[in-house]
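Protein chains in written order, with our numbering: chain A, 1 to 658; chain B, 659 to 839; chain C, 840 to 984; chain D, 985 to 1261. Report on the structure given below.
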Amino acid sequence: MTTQNKPKIGVYICHCGMNIAPKVDVEEVARYIQELDHVTVARDYKFMCSNPGQDMIINDIKELGLNRVVVASCSPRMHEKTFRNAVRTAGLNPYYFQMANIREQVSWVTKDSQEATEKAKSMVAAAVARVFFHQPLDTREVTVAKSVLVIGGGIAGMQAALTSANAGYQVSLVEREPSIGGHMAKFDKTFPTLDCAACIMTPKMVDVLQHPGITLYTWSEVEKVEGFIGNFEVTVKKKPRYVDEKKCTGCGTCMQKCPTKKILSEFNEGLSFRTAIYTPFPQAVPNVPVIDATHCRVLGQNKKCGVCAKFCETKAIDFDQKPEFVTLKIGAIITATGFQAVNPTSLEQYGYGRFPEVYTSMEFERLNNATGPTSGKVLMKNGMVPKRVAIIHCVGSRDTRHKKYCSRVCCMYSMKFAHLLREKTGAEVWEFYIDIRSPGKLYEEFYNRVQEEGVRFIRGRVAEITDMVEDPGDEGRLTVIAESTLTRRTVRVPVDMVVLSVGLEPARGSEDIGRLLGLSRDGDGWFNELHAKLAPLATPINGIFLAGCCQGPKDIPDTVAQAMGAAGEAIALLAKGIVTTQAEISRIDPDLCSGCKSCIESCTYSAIRFDEARKVAVVNEALCMGCGSCAAACPSSAAGVKHFTDKQVMGEIEALLM
Amino acid sequence: MSQNDTNPFSAIAHLESIKQCIQCGTCSGSCPLADLMDHAPRELFALLREGAFDEVLHSNTPWFCVSCYACMVRCPREIPVTDLMYAFKEVITKQGTAPKNLKMPDMYQAFSHNIKETGKVTESQVMARYGMKHPLDALKNIPLAIKMQMRGRLELKAQKVADPKSITRLFELTEIPKDKP
Amino acid sequence: MVKSMSDDYQPKIIALVCNWCTYTAADLAGTSRLCYPSNIRMIRMMCTGMIDPKYILKAFLDGADGVFIGGCHPGDCHYINGNLKFKKRMAGIEAIISQFGFEEDRLRLRWIGASEGPEFQHNMTDFIQTIQNMGPSPAKGLMVL
Amino acid sequence: MKICFYPGCSFATSAGYKESTEAVCRKLNIELNEIPDWNCCGATVMFGENKLRATTLAARHFALVQTMGFEDLVTGCNACYATLRKAARLLDRDRELFQKTQEVLHNLGLELDRIPKVRHLLEVLMEAMPDSTSDKYKTLSVGAYYGCQLTRPDQELDKGWYPEILEHFLARIGFSVKEHSARTQCCGASHAVIYKNECQGLSHRIIREIANKGAQVITTVCPLCQFNLDQAQTQNNEPRLPVTYFTQLAGLALGLAPAELGLNKLLVSADKVLTRP
C-alpha cells in the first residue's frame, strides 16, 4: 500500500434520534473507536442519513483526506445505497464504505444498555477492520441489442412476439414446424367461454406474419446460442423446404397433384392423410408448403416424379435446396417451446392402440374440428354417431408411474368435450374423474353448466376399458369399468367411444433447447423459473425468459398472460438499453487456478467457462450473479467474490472475536 | 386399555404408503371380488387413517383378496395393495378378529393345517377338514369330485414330505406368540 | 485481564447469515423489538453457498464458542440452490472442526426465512443456551495459555 | 438341458400337466430334476398367516436348490411361481427377515446362502421349442390364458395386463392364435373352490370372451387356472371349450399322441377339436 493510499478511516455513529442512543452510549463508542489504528476521525451525530449527516461525511473526506468510511447506524438494507452515494459524491469509490447495523441488531434487541454499548463497539470495530481491506470496485455498462428471439410459434410464442414487436423491437420467431399455431391451432372450441379457437387464432397468426417487426422462421430450429444478456449471438437453421418461399403463391396445385397421398397427417393426429408436399392445415402461416423428404418420391426414394415442379406455375419447387444458417444479434430470448400430450399406450388397461374407438384428447380435438378428418362431425370409425361416450380424466396424470403432477387443463377440456358431445350428437356422456379441478374464472360455472346438461359424473378412476361383453346386445362396444367411489359400486358402462384425457409433458426436444440455452429443468422436465412466486417468467440465465407450457402445464388464458409478461420483461430490458454488471461478482485468479473445473460444476448460472488455451476457468461478468458458490467450491482459493474476499470476511471475524 | 387406542397394524412394512392414497377407486374397480367385500380396499386405508382400527380388524375385505395383483400394478400412488391385504390378514389372524361366519379364514386354516401335518397340500384332505365346518359346501363339491376321480385327477391319499415332523417343526419355529389381553 | 471462566461465562458466537433470508429476519426481529442475548455477532454474507469452510474454522480458532449459519429454506435460495450446496458440505465441515477438537454441536445450520423474525429470535436464544450449557470452547484454554 | 423343477402340490393331479410336461421334456432332451422332498410353497394362504413362516416354507426350496447345485428353480404353477418369487424378493430386500429365515432353516439342518432365480416352465419351453414346420395345427385356433400371477406383480416376463409372449409362442409352434381381452382376467383362483356361485361368473366371462373371439381351445400355464376354467363348464352348456395346458399343445406340435399328453383327463373333452380334419 502506497503512502497516499494509507487507510484513513472516518467512522460515524448515528443516534437515530432516540432509536440507537440512549440505549447505546454512542459517545462512548466514538471514543473507543477513535483509538483504533487507521481511524482518523470518529464522530457521533443525531441523524447520519439526513443531509447534514451526509454532508459531514463528504466534508471530512475532502478536508481530512479520508479514504475509507464506516457508518454505524441502521441496517445496510436500509441506507447502504444512501451512504455509498455520499461517498461517491465526495469523489471516493463507493465500495470504500462499510456499515455496522447497531440499530436492528443492537439497540432494538438488547435489553441492557451496557451490553448494547459493548456489542456496538465490537461491531463498529469489525466494520473498521473490514473496510481496511476494501478495494475500489467498478460496475460495467453493456449495451443491449434491441431485438428479441422467441423460440416456439404456439400461442405463447406468437403472443410474446406480437407484444415485443408492438413495443417497437425487432423480433425473430423460430418455429420448427412448417406453420406457426402450435396446439391451439388444432382446437375447435376453447373453455370455458367456448369461443372458436380458429376465429381468435387465425387473425393472430396473420398479424404475426404481416407485422413489420417480426421475422418469421418456420421449419427452422435454433442451432447455437452464445453470448450473454443483451448480447446473445444466435444461429438459426432453416431446414430445406424445397419450396422457394419468395416464389410460392400458396395456390395449392402442387398438393393436389402430388401422387404420394397416404401419409398420416401429423396435424390431424394420424386420423387422415396428407401428401408428400403439404401444408399442415389450410390456414397455415406461412401458406407455403414443405416437401416431406422421407416420403417424397424424388427426395426420399430417388424415383422420377417431380409432378409438383411440373405443375408449379411460379417454378417455386427446388429439390436442391440446402439448409441455411442465419446468425442473429439478440438482446433477450423468450422460450416458448410448449408441451406435448402424453402417449397413453403404456397404460395398457385402457387399450389405446388396440381398440379403435379409444381416442386421445388431441385426436378428439381433431375429430371435433370443422377442419378435421370428419369435417367436425363426431363419428366413429364405422361412420356412425356414438350413442354413449366415456371421458376418462387423469390419464397419465396424478400417477406416480407416469406423471405425478396434475396437468391442470384436463378437467376443463374434458368438460368442454362433454358439452360439445351433448350439443353435437346428443350422446349420453359419462365422465370418470378423481377430483374435478376447476379453479379459474368462470370454470366452476362451466362445470355446473355441463352438470345441468345431463352429463353423468362418476367419481372413480377407470380401472380398465375392455371389449369383453356381458350382454350380447353390446357386441362391438367397449365397456368402461370403474368403482363409483361415491356409491361404492363397481360400474360397467358399455359405450361406443372413449376419450382419454391425457396429461401434458414437456415438448419433444426441450432437453436440447435447455442445453443450448443453459436452462435447468425440474424433475418432470419443465424449465425452471428463477423464483416460483416472485420471478415466474425469468430464468437463472439473465436475459432469458419463459412463456407458456414449457414452464409447466397451463391453460390458454394463463399462457397468453405469461407470454405478455415475458415480453414485458424483455421489453423492460431492451428499453433501458444497457445492463449494468454487478460489482460484487466472482473473480478467478488465473495464477492460482489449477484448472480443476470445480467452479464450473458449482455454477448455477453457467457463468464460468474454461479457457482451453490457458487451462484456467474464466468468469463471464455479465452472467455472474455473485452467489459465491464457486468461491466456496474452489480448492485452490483462486475463485473469490469481490467485496467478500477472504481478507475482508476473516478480518471481520477476527475483530468481532477480539 | 382398549385395543383400539393403538394401531394394531402399525408394524406392517409399507403401511406408510397408505398416506399417499387419493381414494381414486382404481383398486376396487380392478378387483374381481370387490362386490363381496364389506369395504373397498381404499376404504380400509381411509379407515386406518381415521384410526378406525376395529373396523379394519373385523372387515372381510382382506379375506376376499384373490391375489390377482391387478390393483397393485395400477395404483397411481404405487401402494402395494395386495401385499397390504396379506399383512392385514396376518394381523387379523394374530388378533383373532376374523369374521366368525366367513368361509375363507376356515379354508385358510384347513390349508395351513394340511401343510403343517404333511408338508404338502392334498386337495381332498383340505376339503375334508374345511368340510367339517362347512358341510354344505363340501357336499356341493361331491359331484365334481366324482368326475375328477373318473379322470384320475382326485388324489385321496395324502401327499407327504419325507419327514413331516420337520415341517411341523418349521411351523413351531416360526410361531409368533399371540397377544393376550 | 482474563475473565474468570467459571462464574460469568459469556459465550461468543459468530453468525454467518444469508443477506436474503436470515439477515432480513434479524432486521425484522429488530423492528419487532424481539430481544435476545447480546453475545451474537452477525456477519452478512450474500448466500450460505459462499461460506468457505475456512471462515468457520477461523472463527473457532479465534475463540468463538459457537458458529451459527443461517440460510434460506430449501427451494427459496436467491441463487437457486446455494443453501443446498452449503448443506452438502456441512458433514465435511463438522468432521474438520472436530479434528481440531471442537464439538460438532458448536456449529449449527438453520433455515430461517426473511419473514421469520420470531424464529430468528428463538434460534438465537436457543443456540446461546446450548453453547452456554456446553461451556467454553476448547480454544479458550489455549488462548489463556 | 438340465433344470431344477418344483412341481407344486397340484401338478401331479392336474389334467395331464405332469404327463405332457414330462413327455415334452423327454422329447426336447430337457432333464427335469425334481427337488427331492419338496413341500407346499404356502401359496396365497401362508403370507396372510405369518410372513416369516411363508418365507421359510418357500426358502426351504432355495436351500435345497443350492444343495442340488442349480442357479435357477423352475415351476409350472403360477401360484407357486408368484409365491416363490415373492419370498425371493422379500429375502433380497429384508436383511433381518433373511437372517431369521436362515436361522429357522439351520435348525432344520438346511443352509441358505443365495437365492435362486425363480422361473416359469413357459420360459424354458419358449427357449427350447423349435419353430413349427408343419401345417397340422394351423387351423386349430387357440386362446391363450395367462392367469394373474405370471405377469403380476413383477411384470418381468411381459406386460402385466395385456401380455403377448404366449401368443407369440403358440404362433411360433404352429397354432392359429386368437387375440382376446381376457388373458389376465382373474378366474377366482382358490376362492372359486368355496365361493363357487360368486366366482363362477369370473370363469364364464373368460370362457365367453375367448370363444367370442373365435378360439376353439383355451390353453393355460397354471393348474388352478386350468381347473377353474375346466370345471366351470361342467354345469354350463355353451360355449364349451377344452382347457389345455401349453405343454399339451407343445406336445402336439412335437408330434406326440394326445393320450401321451394326458389330454384324456380334461373335463371338457378335446377329442372333437383335435380330430377335426
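Using N, Cα and C, we set each Cβ at its ideal position, and we do this for glycine too.
- Under DSSP, Glu-221/A shares a beta bridge with Lys-237/A.
- Neighbourhood of Arg-1224/D in chain A, by CB distance below 9 Å: empty, with the nearest CB roughly 17 Å away.
- Of the candidates His-79/A, Arg-31/A, Val-208/A, Ala-30/A, the residue whose Cα lies closest to the Cα of Cys-49/A is His-79/A.
- With respect to chain D, the C-beta atom of Thr-466/A has a partner C-beta closer than 8 Å.
- One alpha carbon belongs to Trp-108/A, the other to Ala-655/A, and they sit about 23 Å apart.
- At a Cβ-Cβ threshold of 8 Å, Thr-335/A and Ile-544/A count as neighbours.
- Burial check for His-1090/D: the Cβ neighbour count within 10 Å stays below 16, so the residue is exposed.
- For Gln-105/A, the nearest CB of chain C lies under 8 Å from its own CB, placing it at the interface with that chain.
- A distance below 8 Å separates the beta carbons of Cys-627/A and Tyr-918/C.
- DSSP places Asp-611/A inside the beta strand (DSSP E), whose first and last residues are 608 to 611.
- Taking C-beta separations shorter than 6 Å and ignoring five residues to either side along the sequence, the partners of Asn-101/A in its chain run Ser-75, following chain order.
- When only Cα atoms are considered, Cys-916/C and Ile-330/A end up about 29 Å apart.
- With the criterion set as a beta carbon lying under 7 Å from some beta carbon of chain A, the members of the region 1136 to 1164 of chain D are Lys-1143, Trp-1145, Tyr-1146, in sequence order.
- By the Cβ-count criterion, Pro-286/A is buried, with 16 or more other Cβ atoms from all chains shown falling within 10 Å of its own Cβ.
- Under DSSP, Thr-360/A takes part in a beta bridge, and its partners are Leu-500/A.
- Gly-777/B has a beta carbon lying within less than 8 Å of a beta carbon in chain D.
- Rounded to whole angstroms, Cys-394/A and Pro-734/B show a C-alpha spacing of 10 Å.
- Exclusion of the five residues before and after Asn-1062/D leaves Gly-1131, Gln-1133, Leu-1134, Cys-1206 as the residues of its chain whose Cβ lies within less than 6 Å of its Cβ.
- Within chain D, the residues Lys-1143, Gly-1144, Trp-1145, Tyr-1146 have their CB atoms less than 8 Å from the CB of Glu-348/A, given in chain order.
- Leu-1016/D does not reach chain B, its nearest Cβ partner there being about 18 Å away, counting only Cβ pairs nearer than 9 Å.
- Under the Cβ distance rule, Lys-261/A does not count among the residues neighbouring chain C, no pair being separated by less than 8 Å.
- Between Ile-967/C and Asn-878/C, the CB-CB gap stays under 8 Å.
- Among the residues facing chain C, Lys-119/A is included, as its CB has a counterpart in that chain under 8 Å away.
- Think of a sphere of 7 Å around the beta carbon of Arg-408/A: no beta carbon from chain B falls inside it, the nearest being about 16 Å out.
- In the structure shown, Arg-43/A adopts extended strand secondary structure according to DSSP, grouped into three states.
- In terms of Cβ geometry, Ile-151/A and Ile-13/A do not form a close pair [threshold 8 Å].
- Relative to the Cα of Met-497/A, the nearest Cα in the group Ile-391/A, Val-131/A, Gly-595/A belongs to Ile-391/A.
- DSSP places Pro-506/A within a strand segment (E or B) once states are collapsed to three.
- Of all residues in the region 732 to 744 of chain B, the ones placed with a Cβ closer than 9 Å to any Cβ belonging to chain A are Arg-732, Cys-733, Pro-734, Arg-735, Glu-736, in chain order.
- The DSSP-derived three-state label of Asn-51/A is helix.
- Counting along the chain, Cys-394/A sits inside the beta strand (DSSP E) bounded by residues 388 to 395.
- CA-to-CA, the gap between Gly-509/A and Ala-538/A works out to about 20 Å.
- The straight-line gap separating the alpha-carbon atoms of Ala-745/B and Gly-1026/D is approximately 15 Å.
- The residues Asn-528, in chain order, have a CB closer than 6 Å to that of Ser-520/A in the same chain once the five nearest residues on each side in sequence are set aside.
- Annotation for Ala-309/A: Ile-317 place their beta carbon closer than 6 Å to its own, counting only its chain and skipping 5 residues before and after.
- By the beta-carbon neighbour count (other beta carbons within 10 angstroms, threshold 16), Cys-199/A is exposed.
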